[in-house]
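Chains as they are written, first to last, in the working numbering: chain A, 1 to 443; chain B, 1001 to 1443. Ideal Cβ placement from N, Cα and C applies to all residues, glycine included.
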C-alpha cells in the first residue's frame, strides 16, 4: 500500500511516465547496446536479443529457432555443456531464454559485479557453439516433450494453433513458435547450425543491460567482449511475406473430448506498433480495455457477465508488440445452458452497440489513468523494462518509439478508437473459433 | 461416330489401354527424354517440362514461376523478344506454355520436319535468357492484368483462393499459382533471374517429344541441343513442407455482390498418386465418379438433382496428379428456394448413405468400362499423351507408373473405395465454403 501511494505521488509529477535513464550505443560491428540505469539495488539484468524468431525460419523447419535456443545451453569451445547455467547459479544468479515469432533472447540476473562474467560467457556462445549429434538427439526429445506438455496435452493450445493457421494466409505467424510436431521430429544438427551461423551475429543482436551499472563501464565491457565478434555479411534483409487481402471470415469448431468448458474466440488481424506510427496501436489498447478489460467496467463484462449473465468470462486483448500484422482477440466462456451461438450473438451485439454509441469520456479518463499508473509501476520492474526495450528493438521500433509510447497512449482520442475499431472489426479478416468437447455442443 | 466404333473395337483387343509406344533416355547432364511415337500424321509435339512450379517459389515471391514463364518469350542471346513464337507461327506451328503448382512447361506443335528448329530455340532459352528491366515492367503489367481478368474479376476465383488458403496450413498449395496480387506487384528482374538460374537446367527438365518421329533421331537431336547444356549443381532437393495434423474443419462464407448464383463447396485433403503406390488415388477416381460424376448416375445427381430437386448442379472431383497432398472436392448449386444449409445437409446425407451402403457392382463395371474407353480415346490425342507423361515425370512418377495406371484403375475394388473414403471424408481435414451475393443468403 505504501508503494502504491508512492507511485501515485510520482504520477502527479511525471509529465510522461518514461522516466527511466536509458543510454544507447552501436558498436562498430553493428551490435546495438541499451543501458538502463537503476541504482536502487546492486543487481543487473544482462540480456542478448537476436532479431530472429520463429517467423524467420525456413519453410519445413518450423521450431528451429526455439530448438536452437535450447542448444545454446550446450557447450562452446570453452564452456562444457550445462556449464553456462551452472556458473550463473554458482554466482547466485538465475538465467533463462525465450523464443517468440520475432526474437530469441537470453538473459541472466546477477549481482552487478558479475556482469563481466555474464558478457564473457554470452559473447562466447554467440560465435563458438559446439553442438554434437548427441546434443541434437537429446534436445530434440526435450522440445518434443515440451510440445507434448504445452500443446498436445492441451486442447486449448491445439485449438489456438488451428485458429492461428487459419488467420494467416501467407505470413508465418500462422505456424506455431514451438513448431509443427512432424517438422520438429526432423530438425537436424545442420538445420540448427545453418540458423545459428546466419542469424547469431552482433549485427543481428541487441544487448540490453539494466540495473546498477554505469553506461560507460557497460560500453567498455561490451566493446571488449562483443565488439570483437565479426559482423555476419550474409545476414539477409528481414522481410516477411505479408497478407493478401483477406476476403472471408473463417469459422472453425474444434472438437476435443478433453475440453472441460466450451468457449469461443474471435481473432481479427490488427495493425502493430510501427516505428514513428504507434497511434493506431495505442487506440487498440483502449479498445481492448473498453470492450473486454475488467469484467466490472468493460462492455462485454457488463453486458454478458452482469446484465444478461450469458457468460462466466469475457475478454478482449491486444498487444501491439509485433514486427508484422498482429491480432485483436475476443474470448467468451458462456454460462451453463447458454449455447456458443447465443454467446457469440451476444458478443457481436456488444461490438455493434459499441460502434453505434459514444464512448463515455469518464471511461476514457479512467483508462488513461490506469495506463499512466501502469507505466509508473513498470519503472519499478527493471527486468520488465529491459524486456520492453529488447522486444521493441527486435521488432523494428526505436528507443524513441519506446519512450514516446506512454505519451502516445495518453493522447488517444475517442475518435481514433472508433476509427481503428471500424478498420479492425472486419469479419473478412477474422477467424471465429468454437472449442467444444463434443459436436453436439456446437449447435 | 465412326471414330467411337473404332475405339470400341480396340477396347476389346487391348489388355491394357496403355498401348502407346514410349521410349525413354537420360542425357549425361541428367535431362530426361521421353519419346512417344505416333505416325498417323506428320506432326510433332515438342515440350520441355521443368520440375518447378508455384509451390517451389520462395516465400514472398508468389507468382514468380508464372511470371518467368511469360518472360521466357522475351529475348535470348540470339532470339529477339517475340521471335520465338513468331518463328513457330511462320513455320505453320503453334506454341504456348503453362505453369502449375508442380511444373512449368513450354510446348510447340509443328510439322515433324521442324522438330530440330524447335529444339534449337527451346534449348537456347533454357540457358541464355536476356531479360531487361523494361521487359519486367511490361510483363508485370501483363500478369497483373491476367490476374485481374481471371481472379479479381471473378468472385468464384477469389472464393477459391480463400478456400485453398484455409485448406493448407503449411504447404504452398494454399498460395495461388498466379500469385498474391501484392507480391506480384513487387516481382523484380532479380526475382525472375534467381528462379531461372536455379531451376532452369537440364537436370531439372524433362523433354517430351510426341508424334511422327523415330526415337533414335530424337535422341541424337536432344544430345546435340540439350546435351551440351551443363547441369546445375546448386539444384536444391525438392522437398516441400508437409501438413501438420489438421484438427478442425474450417468454414468460410464468401460474400460478393457479383455472385449470381449461390453455391457451396467442400474440399478435403486427399492422397495423390505416388510412385509405386497409386491404388488409393485410383480408388478416389471411382469415388468421385460414384458420388458426383454424371448427374444421371451419381449418388449426388440422383438424390439432389432428380429425387429431391434440391440442387441444379452437383459435382465431385478428384485428380490424383499432384506432387504432394491434393484435394477431393464437392460442389453443389442449390435450386431456387433451397438454402445452402439445406443443400449442404442433403449433400452430407448422400455421403453418409454412401458410407452406410454397399456399392452396386453394376456401377463399378460401368465406371471400369468408362475408364477403359477414355484410355483408348486418350491414345488418339498425342498432345494429351505428351502432357500426361510430362506432368507425371515432374510430379515424381515414373514412366512405369504412367503405364501401370490404366490397369490399376481397372483393378480397383469396392472395398478399396470404402477404405479411402473413410480416410478422406474427415471433416477435420476439410474446408466448407459458401459463396453468396449477400450475407442474408448464408442463413
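Element boundaries [beta strand (DSSP E), containing residue i]
i	result
residue 1196 of chain B	Looking at the DSSP string, residue 1196 of chain B is not in any beta strand (DSSP E); the run it does join, the alpha helix (DSSP H), is 1189–1199.
residue 1328 of chain B	1326–1334
residue 1047 of chain B	1043–1050
residue 1032 of chain B	1032–1037
residue 1025 of chain B	1021–1026
residue 1211 of chain B	1205–1211
residue 433 of chain A	430–436
CA nearest to the CA of residue i, picked from the options
i	options	result
residue 1394 of chain B	B/1351, B/1213, B/1032 and B/1073	B/1032
residue 1056 of chain B	B/1330, B/1194, B/1120 and B/1123	B/1194
residue 1285 of chain B	B/1169, B/1134, B/1176 and B/1413	B/1413
residue 358 of chain A	A/389, A/94, A/419 and A/171	A/419
residue 196 of chain A	A/72, A/289 and A/181	A/72
residue 1154 of chain B	B/1258, B/1205 and B/1421	B/1258
residue 347 of chain A	A/98, A/75, A/302 and A/428	A/302
residue 102 of chain A	A/397, A/427 and A/191	A/397
residue 192 of chain A	A/122, A/217, A/53 and A/423	A/53
residue 1218 of chain B	B/1439, B/1024, B/1441 and B/1367	B/1024
residue 1230 of chain B	B/1435, B/1028 and B/1442	B/1028
residue 1254 of chain B	B/1232, B/1437 and B/1021	B/1437
residue 104 of chain A	A/304, A/205, A/234 and A/316	A/205
Residues near residue i in its chain [Cβ-Cβ closer than 7 angstroms; skip 5 each side]
i	result
residue 431 of chain A	163, 166, 167, 250, 252 and 267
residue 386 of chain A	36, 45, 47, 208 and 210
residue 1006 of chain B	For residue 1006 of chain B, the predicted structure reports a pLDDT of 35, less than 50, and the residue's modelled location is therefore unreliable. The matter cannot be settled from this model.
residue 265 of chain A	163, 329, 330, 331 and 433
residue 1099 of chain B	1053, 1054, 1065, 1066, 1069 and 1177
residue 12 of chain A	Residue placement at residue 12 of chain A cannot be trusted, given a pLDDT of 32 that sits under 50; what the coordinates show is reported in the next sentence. Cβ neighbours of residue 12 of chain A beyond the five flanking positions: none.
Buried or exposed by the 16-neighbour rule on C-beta atoms within 10 Å, applied to residue i
i	result
residue 228 of chain A	exposed
residue 406 of chain A	buried
residue 1355 of chain B	exposed
residue 1077 of chain B	exposed
residue 1279 of chain B	buried
residue 1332 of chain B	buried
residue 1360 of chain B	exposed
residue 1324 of chain B	buried
residue 9 of chain A	Any reading at residue 9 of chain A needs caution, since the residue's pLDDT is 34, under 50, leaving its predicted position unreliable; the model's value is listed next. Exposed.
residue 1108 of chain B	buried
residue 384 of chain A	exposed
residue 1039 of chain B	exposed
residue 69 of chain A	buried
residue 1381 of chain B	exposed
residue 1306 of chain B	exposed
residue 222 of chain A	buried
residue 1237 of chain B	exposed
residue 1298 of chain B	buried
residue 95 of chain A	buried
Close beta carbons around residue i, own chain, < 6 angstroms, minus the five adjacent residues each side
i	result
residue 176 of chain A	161
residue 1026 of chain B	1032
residue 1074 of chain B	1081, 1131 and 1135
residue 1018 of chain B	Low per-residue confidence applies at residue 1018 of chain B: pLDDT is 46, beneath 50, and the placement is therefore not dependable enough to give any value.
residue 248 of chain A	428
Cβ shell of residue i (< 8 angstroms), same chain only, five flanking positions each side left out
i	result
residue 1183 of chain B	1060, 1061, 1062 and 1063
residue 408 of chain A	278, 279 and 282
residue 213 of chain A	35, 37, 44, 112 and 115
residue 1 of chain A	Its pLDDT being 31, under 50, residue 1 of chain A is placed unreliably by the model, and nothing is read from it.
residue 1091 of chain B	1110, 1111, 1114 and 1117
residue 401 of chain A	273, 275, 276, 278 and 392
residue 171 of chain A	55, 240, 241, 242, 243, 324 and 325
residue 342 of chain A	310 and 334
residue 144 of chain A	181, 184 and 185
residue 174 of chain A	164, 165, 166, 167 and 168
Limits of the alpha helix (DSSP H) - the one that residue i falls within
i	result
residue 419 of chain A	414–424
residue 387 of chain A	382–394
Residues that residue i contacts on chain E, provided the C-beta gap is smaller than 8 angstroms
i	result
residue 240 of chain A	Chain labels in this structure do not include chain E; the protein chains are A and B.
Could you tell me which uninterrupted alpha helix (DSSP H) segments, each at least 4 residues in length, are contained entirely in the stretch 1224–1298 of chain B, listed from first to last along the chain? Secondary structure remark: continuous alpha helix (DSSP H) runs of at least 4 residues inside the stretch 1224–1298 of chain B, in chain order: 1279–1292.
Which runs of the alpha helix (DSSP H), 4 residues or longer, sit entirely within the stretch 1121–1148 of chain B? Taken in chain order, the complete alpha helix (DSSP H) segments of 4 residues or longer contained in the stretch 1121–1148 of chain B are 1133–1147.
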